[in-house]
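Asks: Input: one structure, supplied below.
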């Protein structure tokens, strides 16, 4: 059975997730910052990274991408609609904040072009395109393990912001309704910031989802 660990990283405390199996094979989702701390956590637990997965390419989710992929010699995956964002501070949002350094990474090794089943090494999971917060936002559904990593699409009692480049509120709410609230009620949803939740809890308590 897969397990998942969370490390909030960087000035905005972005959740980086480590999904690992019984043999300590590992997927790294959204290495946002603090590469040295992340590397230490991975190596001290004897995890064996297979890839970096990105839910989207806002700066607080990608700050440590190059450091992590170079240290472990692993590929990076991102949705094709944000293929240019890793290297463009205006698109990834880092240029918006003058007190923070511009975030520029090399291009991803693999572009995700469609929804559905995806396999990397021993891992099999589902990719769902969940745009709105950003056009290339995707969620990773680990159905057999009963959890999903959804980036900044849905939070506990909140939803992702849509005032950044190419964000759209109607698209976001439709993504949440069609792609996340349609999951089993007890699936654990791990967001890009803050604590985990479930579809059932958000249907009952999320003030942004009235009418859904």
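In our numbering, the protein residues as written are 259 to 470. Glycine is no exception: its CB is placed at the ideal position from the N, C-alpha and C atoms.
Pull up the CB-CB distance for residue 449 and residue 412, whole angstroms please, since I reckon it's below 8 Å.
Replies: Indeed they touch by this definition, with Cβ atoms about 6 Å apart.
Asks: Which partner residues does residue 377 have in the DSSP bridge list?
Replies: For residue 377, which the question treats as bridged, DSSP gives the partners 382.
Asks: Quick one: what does DSSP say residue 357 is sitting in, helix, strand or coil?
Replies: Residue 357: coil per DSSP, three-state reduction.
Asks: Helix, strand or coil for residue 451, going by three-state DSSP, please let me know.
Replies: Reduced to three states, the DSSP call for residue 451 is coil.
Asks: Ignoring anything shorter than 4 residues, give me the alpha helix (DSSP H) runs that lie fully in the region 289-363, in order along the chain.
Replies: Here the runs fully enclosed are 293-302, 317-320, 323-330, 347-350.
Asks: Can you grab the Cα-Cα spacing for the pair residue 466 / residue 415, in whole Å?
Replies: Roughly 8 Å between the two C-alpha positions.
Asks: Mapping DSSP to helix, strand and coil, what is residue 270?
Replies: Residue 270 falls in the coil class under three-state DSSP.
Asks: Can you list, in chain order, the residues of its chain whose CB lies under 8 Å from that of residue 350, leaving out five sequence neighbours each side?
Replies: Cβ neighbours of residue 350 beyond the five flanking positions: 315, 316, 317, 320, 343, 344, 361.
Asks: Please work out which residues of its chain come closer than 7 Å, Cβ to Cβ, to residue 420, disregarding the five sequence neighbours upstream and downstream, and give them in chain order.
Replies: Cβ neighbours of residue 420 beyond the five flanking positions: 390, 391, 426, 427, 430.
Asks: My understanding is that residue 260 touches residue 403, with C-beta atoms under 8 Å, so please give their C-beta distance in whole angstroms.
Replies: Correct: roughly 4 Å between the Cβ atoms.
Asks: If you measure between the beta carbons of residue 265 and residue 282, is that distance less than 8 Å?
Replies: In this structure, residue 282 does not lie closer than 8 Å to residue 265 by Cβ.
Asks: Which one of 444, 446, 418 has the shortest CA to CA distance from residue 433?
Replies: Minimum Cα distance to residue 433 is reached at 418.
Asks: Count the other CB atoms, across all protein chains shown, that sit within 10 Å of the CB of residue 464; report buried if there are 16 or more and exposed otherwise.
Replies: It is buried - the Cβ of residue 464 has at least 16 other Cβ atoms within 10 Å.
Asks: With residue 459 as the anchor, note down where its alpha helix (DSSP H) starts and where it stops.
Replies: It spans 457-463 - the alpha helix (DSSP H) in which residue 459 sits, taken as one unbroken run.
Asks: When DSSP labels each residue in this structure, what does residue 391 get in the three-state scheme?
Replies: In this structure, residue 391 counts as coil in the three-state DSSP scheme.
Asks: Could you name the residues that DSSP lists as bridge partners for residue 368?
Replies: Per DSSP, 335.
Asks: Report, in whole angstroms, the separation of the C-beta atoms of residue 409 and residue 397, which I expect to be a contact under 8 Å.
Replies: Yes, they are in contact, since the Cβ atoms of residue 409 and residue 397 sit about 7 Å apart, within 8 Å.
Asks: Rounded to a whole number of angstroms, what is the C-alpha to C-alpha distance between residue 326 and residue 334?
Replies: Whole-angstrom Cα-Cα distance: 10 Å.
Asks: Just verifying my parser: in three-state terms, what is the DSSP assignment at residue 241?
Replies: Since the first residue shown for the chain is 259 and the last is 470, residue 241 is missing from the structure and cannot be characterised.
Asks: Measuring CA to CA, which of 455, 341, 364 is closest to residue 405?
Replies: Checked all of 455, 341, 364; the closest Cα to residue 405 is 455.
Asks: For residue 462, count neighbouring Cβ atoms within 10 angstroms of its own Cβ and tell me buried if that reaches 16, exposed if not.
Replies: Residue 462 comes out exposed.
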